[in-house]
């Protein structure tokens with residue numbers, strides 16, 4: 022299949038793209054979004070290094086309306102990023118309403134315009150606790166909407182739907198994913214803070230997999 | 022229910038909003054999109070007159086990536102608008118890939134941020150021939166994705182899903198919808214051209230309903 026990767030610059034979307042490429046699919050490009058989060062700038066630097074590594078083109082889409090109108094502590098316009106575990110209730114403050122729905126819809130429009138057959142999303146099992154738009158039932162309904170709403174019946178490809186972050190580290194490691202280039206921290210500093218929910222989740226995934234964590238934490 | 026209306030400034034979205042208001046729902050605002058079509062500027066003038074008439078607030082969302090990257094003769098970056106009947110195969114050139122999916126996803130994010138219960142879309146039976154993202158099966162899947170992907174289980178309200186444009190004229194006329202303020206023409210001129218697919222469809226709907234057409238055609 023000819024696929025477009027939704028690529029944030031984080032571990033999950035990078036590994037999802039790499040797994041699809043390794044499985045023999047053609048990755049015809051990546052799409053990334055600036056929705057005004059505290060970490061969009063820093064993670065875009067990672068996304069650029071990743072597409073450079075894999076020799077892909079990337080489109081960056083500006084979603085100014087999210088920063089202007091949506092409420093979330095993930096945004097520059099919101100409060101402080103909570104520290105603690107990724108599945109803690111405090112992480113709910115970092116939800117950007119229907120973010121995956123918006124990104125996937127836009128990716129579907131790009132995919133149809135570029136004559137692609139599908140879109141890769143790196144959502145995984147560990148997202149399910151907090152983010153309604155990462156869960157399997159959402160992904161299934163969205164996949165159906167995208168298939169029915171496009172002439173090409175564009176597919177949604179979610180290789181990690183039922184995998185944990187630890188399994189993503191293992192799967193990525195096995196095919197040489199350059200995890201050192203990826204960025205996860207919600208705070209958006211040059212180095213990973215090591216304390217926010219996504220940093221804690223990233224650390225745990227490497228620890229549990231027994232694979233060396235190449236991340237430099239502040 | 023507290024509802025947000027997706028309002029283009031055309032007949033269908035205006036009447037859909039009015040029908041929901043008349044049914045007792047609270048319309049807490051309207052959302053409209055500039056995706057770089059030839060008629061977005063002119064139809065926004067109509068949208069402004071309509072929200073003024075109904076005393077609503079409106080948010081206009083810029084979707085520059087559509088004009089920059091998508092292919093459609095509806096866009097300023099595309100070819101000439103075809104003339105003829107709305108259901109003609111030539112109208113396929115005016116499809117903007119997954120436009121309704123993109124608009125609904127963004128509206129869902131706004132709805133959750135504004136604590137609304139649902140989103141109104143004015144899609145109707147006559148759209149089905151050409152536009153995959155107007156059909157009932159698409160709308161059902163998208164409604165499910167939006168409900169599952171939001172904390173509030175936001176609903177998609179489509180009062181005209183199985184109605185014809187003629188029936189929309191009748192339903193709107195019965196509750197005083199100011200159709201004279203609405204704008205349908207894909208060419209985007211000050212007056213309706215009377216020849217493009219949407220103008221032909223608009224004319225026919227008034228003719229078939231037997232209700233006086235208040236539109237001034239060029």
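Chains as they are written, first to last, in the numbering used here: chain Z, 22 to 239; chain H, 22 to 239. Don't be surprised by glycine CBs; every beta carbon is placed ideally from N, CA and C. Predicted model, so just to flag it, every value in this text is computed and none were measured.
Interface residue (Cβ-Cβ distance to chain Z less than 8 Å): residue 156 of chain H is classified as such. Per DSSP, reduced to three states, the secondary structure at residue 55 of chain Z is strand. Annotated three-state conformation of residue 238 of chain H is strand, per DSSP. Against residue 162 of chain Z, the close residues of chain H are 162, 165, 166, 169, in the order they occur along the chain (beta-carbon pairs closer than 7 Å). When rounded, the separation of the alpha-carbon atoms in residue 116 of chain Z and residue 93 of chain Z is 6 Å.
For residue 151 of chain H, the closest C-alpha among the options H/22, H/106, H/166 is that of H/106.
With its beta carbon less than 8 Å from one in chain H, residue 80 of chain Z belongs to the interface.
Within the region 108 to 127 of chain Z, the residues whose Cβ lies closer than 9 Å to any Cβ of chain H are, in chain order, 113, 116, 117, 118, 119, 120, 121, 122, 123, 124, 125, 126, 127. Around residue 79 of chain H, the same chain offers 28, 50, 51, 52, 53, 68, 69, 72 as residues with beta carbons nearer than 8 Å, after the five sequence neighbours per side are excluded. Around the beta carbon of residue 208 of chain Z, a 10 Å sphere encloses 16 or more other beta carbons of the protein chains shown; the residue is thus reported as buried.
At least one C-beta of chain H is nearer than 8 Å to the C-beta of residue 129 of chain Z. Only 80, 82, 83, 85, 86, 87, 90, 91, 92 from the region 65 to 95 of chain H bring a Cβ to less than 8 Å from some Cβ of chain Z. Per DSSP, reduced to three states, the secondary structure at residue 173 of chain H is coil, with no helix or strand assignment. Of the residues H/168, H/60, H/223, the one whose Cα lies closest to the Cα of residue 122 of chain Z is H/168. Residue Z/38 holds the alpha-carbon nearest to the alpha-carbon of residue 75 of chain Z among Z/38, Z/89, Z/103. Residue range 79 to 83 is occupied by the beta strand (DSSP E) that includes residue 80 of chain H.
One alpha carbon belongs to residue 221 of chain H, the other to residue 188 of chain H, and they sit about 16 Å apart. Contact annotation: the region 82 to 92 of chain H touches the region 128 to 140 of chain Z, with at least three C-beta pairs closer than 8 Å.
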